[in-house]
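For the sequence shown, my numbering assigns the number 148 to the last residue and increments by one with no breaks.
Each residue gets a CB set at the ideal place from its N, CA and C atoms; glycine is no exception.
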Amino acid sequence: MFDLQTLTDHVEINALVGEFTDAGMMRDYDRWASLFTADARWQIAPGALEFTGREAIRAGMERLQGNWEFFVQQVHPGWISIDGDTATGRVYTEELGRFTDGSSHANYAIYHDKFRRTPDGWKFTERVYEFRYRDDSALPGTAAPRS
Numbered sequence: 002m003f004d005l006q007t008l009t010d011h012v013e014i015n016a017l018v019g020e021f022t023d024a025g026m027m028r029d030y031d032r033w034a035s036l037f038t039a040d041a042r043w044q045i046a047p048g049a050l051e052f053t054g055r056e057a058i059r060a061g062m063e064r065l066q067g068n069w070e071f072f073v074q075q076v077h078p079g080w081i082s083i084d085g086d087t088a089t090g091r092v093y094t095e096e097l098g099r100f101t102d103g104s105s106h107a108n109y110a111i112y113h114d115k116f117r118r119t120p121d122g123w124k125f126t127e128r129v130y131e132f133r134y135r136d137d138s139a140l141p142g143t144a145a146p147r148s
C-alpha cells in the first residue's frame, strides 16, 4: 500500500517523464535540459552516445534533433521505486521518424532512469536508452508541416 507522499512522488515522476517527451517533440531545448540535474548523464545505446552535465545534454539534444525531418516519441509507464529523495525506474518507448537525409528510423526501447528530488521537484540524474528493436526501413507516410 502506498502512503500519500509515495503516491505524490509517483505522479510527479511520471509528469517529469511526460514533460521530457513533450519538450523534446516541441524542440524546447531549454525546458528539456531543465528536467535534468546539473551533473546528470544521458546515454543512448550504451557505448554509442553519452552526454554528461545539463549543458552538454542540451547541446546534444539540439544537435540530434537537427538531423530529423520529423520525430515522434511515445512513452508508456513502466516501474518506479522510490527511496527517500532518490528513485529508479523504467519507461518504455516507441519512436519513429525520418532524418533530413531521407532515411527512416523506428524503434522500441527502454529508458533506465535515476531520479533525485530537488528544491525544484524531481529531476533526472541519469537516463540510459536501451534499444530492444530497431527498424531502418523507409517509412511510407508523409510528415505534417510543423506549426
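Do residue j and residue i have their beta-carbon atoms positioned less than 8 Å apart in this structure?
| i | j | result |
| --- | --- | --- |
| V129 | V76 | no |
| G90 | F116 | yes |
| D137 | S104 | yes |
| M62 | G122 | no |
| N68 | T101 | yes |
Measuring alpha carbon to alpha carbon, tell me which of the options ends up nearest residue i.
| i | options | result |
| --- | --- | --- |
| D40 | W69, A57 and S104 | A57 |
| R64 | T143, G79, Y30 and F21 | Y30 |
| Y109 | E95, R117 and G122 | E95 |
| R28 | R59, Y134 and Y93 | R59 |
| T87 | P120, F52, R55 and D102 | P120 |
So, under 8 Å CB-CB, residue i and residue j are touching, yes? Tell me the CB distance rounded to an integer number of Å.
| i | j | result |
| --- | --- | --- |
| L97 | V73 | 6 Å |
| R99 | E70 | 5 Å |
| I14 | I81 | 6 Å |
Do residue i and the ligand SAM come close, with the Cβ less than 7 Å from some heavy atom?
| i | result |
| --- | --- |
| A24 | In terms of ligand content, the structure shown is empty, and the ligand SAM therefore cannot be addressed. |
Against chain C, with Cβ distances strictly below 8 Å, would residue i count as a contact?
| i | result |
| --- | --- |
| E20 | Looking at the structure shown, chain C is missing, and only one protein chain is on hand. |
For residue i, name the three-state secondary structure that DSSP assigns.
| i | result |
| --- | --- |
| L97 | strand |
| G19 | helix |
| A57 | helix |
| R32 | helix |
| G103 | coil |
| T38 | strand |
Could you pull the DSSP bridge partners for residue i from this structure?
| i | result |
| --- | --- |
| D114 | G90 and R128 |
| G122 | T119 |
| S82 | T89 |
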